[in-house]
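Q: Chains as they are written, first to last, in our numbering: chain A, 1 to 94; chain B, 1 to 230.
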Amino acid sequence: MKVMPCPLNGPRPIQEFTCGGEVVAPPDPDHADAEAWADYLFLHDNAAGVVREWWYHVPTSFWFIADRDTVTDEIVRTFLPRELFGPDAQPDRP
Amino acid sequence: MVEPRSPIDDALRAAGGSIGEHAGATVVIDYGDPDEEAEAARGLGLADLSPLPRVGFRGPGAREWLTAWGVDLPDEPNRACIQPDGAIAVTRSWTEVLVLGSTQSADSLCARLEAGTSDAHRARAYSLPRFDGLFWFALTGASAADCLAKICGVDMRETAFSSGSVAQTSLARLNAVIVRVDAGATPLFHLLGDSASAEYAWASLLDAMQEFDGRPVGLRALHALAREFK
Numbered sequence: 001m002k003v004m005p006c007p008l009n010g011p012r013p014i015q016e017f018t019c020g021g022e023v024v025a026p027p028d029p030d031h032a033d034a035e036a037w038a039d040y041l042f043l044h045d046n047a048a049g050v051v052r053e054w055w056y057h058v059p060t061s062f063w064f065i066a067d068r069d070t071v072t073d074e075i076v077r078t079f080l081p082r083e084l085f086g087p088d089a090q091p092d093r094p
Numbered sequence: 001m002v003e004p005r006s007p008i009d010d011a012l013r014a015a016g017g018s019i020g021e022h023a024g025a026t027v028v029i030d031y032g033d034p035d036e037e038a039e040a041a042r043g044l045g046l047a048d049l050s051p052l053p054r055v056g057f058r059g060p061g062a063r064e065w066l067t068a069w070g071v072d073l074p075d076e077p078n079r080a081c082i083q084p085d086g087a088i089a090v091t092r093s094w095t096e097v098l099v100l101g102s103t104q105s106a107d108s109l110c111a112r113l114e115a116g117t118s119d120a121h122r123a124r125a126y127s128l129p130r131f132d133g134l135f136w137f138a139l140t141g142a143s144a145a146d147c148l149a150k151i152c153g154v155d156m157r158e159t160a161f162s163s164g165s166v167a168q169t170s171l172a173r174l175n176a177v178i179v180r181v182d183a184g185a186t187p188l189f190h191l192l193g194d195s196a197s198a199e200y201a202w203a204s205l206l207d208a209m210q211e212f213d214g215r216p217v218g219l220r221a222l223h224a225l226a227r228e229f230k
């Protein structure tokens, strides 16, 4: 059984999680053209190596971020989104 | 007014459950054999507590608001804390708390909190009605952790999951909250999940309990357990 370390719930079977795709910055809504939006929404890097992804723990509806090696499928690290986006993005988390 | 019924009311009656009143709620008091049920509660028993009160709160101010109402809260997520009246406060995240009413005495805490929710939003605490949405079972007895191991990926043994621990995980492939609050030396797990799947969960648990000679027990058996360690 593959185990994912959830920042809220601790180690859990991978079946309890859903991958939300790569963490990518959205384009500037005031200046982005259609091509930039299409790239953001539909095109993925699909890189070989350590990538940064959104993951979702289904029983608790909890989103977090994981660094995962797509070659070995090793989960390098998991952490709260506020680590990337600052406390203002999640003011209710410690 | 029609009394609120358990989502598995039909199954409980079909199993011979004697429905009676406990602190204003209609629950299964016993299945006709209190002595054997008290024994099963020490070995492996499953009780339906769905008709008992429960309420949730979420929001950046939820902890502060509940503390102001006198609720003792664990510091960490996924922990449970017993209140003076026997109610249980469960932290589901940093900002969400589930309160389970007392199984021993007439509920006062949930009723008080629900009556006070009208001004909770000013403190950025938002009430989550949990009575209709979640079933509530109690799995009790020495074999309870072994039985859960058949349908749940989290280690529920005393060494890994002591009294006061909470797991929000998959139980028989259902999303569930598992709260361990032992009755003295007897393991006791409160199980909560989507009430629309209550019949499936009840049947799955009874099926998993067969090899340990588990059986459904009434509220009287839980009370007998509680008296033993007092």
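Glycine included, C-beta positions come from ideal geometry on N, C-alpha and C.
Beta carbon of M209 (chain B), beta carbon of L46 (chain B): below 9 Å?
A: A contact, by the Cβ cut-off of 9 Å.
Q: Kindly say whether D8 (chain A), judged by its beta-carbon, lies nearer than 9 Å to any beta-carbon of chain B.
A: Asp is not the amino acid found at residue 8 (chain A); the sequence shown has Leu there. Judged by the 9 Å Cβ criterion, L8 (chain A) is in contact with chain B.
Q: For T60 (chain A), would you say it is in contact with chain B, using Cβ-to-Cβ distances shorter than 9 Å as the test?
A: Yes, contact with chain B.
Q: Sorted by chain position, which residues of the same chain lie with C-beta nearer than 7 Å to P27 (chain A)'s C-beta, five sequence neighbours on each side aside?
A: Result list for P27 (chain A): A36, W37 and Y40, in chain order.
Q: May I have the straight-line CA-CA distance separating A172 (chain B) from H31 (chain A), to the nearest angstrom?
A: The straight-line gap from Cα to Cα measures roughly 49 Å.
Q: Roughly how many whole angstroms lie between the Cα atoms of A48 (chain A) and I75 (chain A)?
A: Going from the Cα of A48 (chain A) to the Cα of I75 (chain A) covers about 14 Å.
Q: Are W55 (chain A) and T78 (chain A) touching if we call contact CB-CB under 9 Å?
A: The answer is yes: Cβ separation under 9 Å.
Q: Any Cβ of chain A within less than 9 Å of the Cβ of S162 (chain B)?
A: With 9 Å as the cut-off, S162 (chain B) does not count as an interface residue toward chain A.
Q: What does DSSP give as the partner residues of R52 (chain A) in its beta bridges?
A: The partner list for R52 (chain A) (beta bridge, DSSP) reads A:D67.
Q: Return yes when the Cβ of N175 (chain B) is within less than 9 Å of the Cβ of G193 (chain B), no when it is not.
A: Cβ atoms of G193 (chain B) and N175 (chain B): closer than 9 Å.
Q: Taking the CB atoms as reference points, tell me whether D48 (chain B) and F137 (chain B) lie closer together than 9 Å.
A: Their beta carbons are under 9 Å apart, which means D48 (chain B) touches F137 (chain B) by this criterion.
Q: Measure the C-alpha to C-alpha separation of R56 (chain B) and T95 (chain B) and round it to an integer number of angstroms.
A: According to the sequence provided, residue 56 (chain B) is Gly. The question's Arg does not apply to it. Approximately 11 Å, taken between the alpha carbons.
Q: By the criterion of Cβ-Cβ separation under 7 Å, what are the contact partners of T91 (chain B) in chain A?
A: In chain order: nothing, as chain A lies at least about 11 Å away.
Q: Can a CB atom of chain A be found closer than 9 Å to the CB of T159 (chain B)?
A: No, no contact with chain A.
Q: Report back the beta-carbon spacing between Y31 (chain B) and S18 (chain B) to the nearest angstrom; my notes put them in contact at under 8 Å.
A: Between S18 (chain B) and Y31 (chain B) the Cβ distance is about 7 Å, and since that is below 8 Å, they are a contact.
Q: Are L66 (chain B) and V97 (chain B) close, meaning C-beta to C-beta below 9 Å?
A: For L66 (chain B) and V97 (chain B), yes; Cβs fall inside 9 Å.
Q: Within 10 angstroms of its Cβ, does G184 (chain B) collect 16 or more other Cβ (buried), or is it exposed?
A: Classification of G184 (chain B): exposed, given that the 10 Å Cβ count is below 16.
Q: Could you tell me the boundaries of the alpha helix (DSSP H) in which L73 (chain B) lies?
A: Counting along the chain, L73 (chain B) falls outside any alpha helix (DSSP H), and DSSP gives it neither H nor E.
Q: Output, in chain order, the set of chain A residues within a Cβ distance shorter than 9 Å of T67 (chain B).
A: Within 9 Å Cβ-Cβ: nothing; T67 (chain B) doesn't reach chain A, min ~16 Å.
Q: How long is the line joining the alpha carbons of D54 (chain B) and G10 (chain A), rounded to whole angstroms?
A: Looking at the sequence itself, residue 54 (chain B) is Arg, so the reference to Asp does not match. Computed Cα separation, rounded: 26 Å.
Q: Which first and last residues belong to the alpha helix (DSSP H) in which F42 (chain A) is found?
A: A34 to F42 is the extent of the alpha helix (DSSP H) around F42 (chain A).
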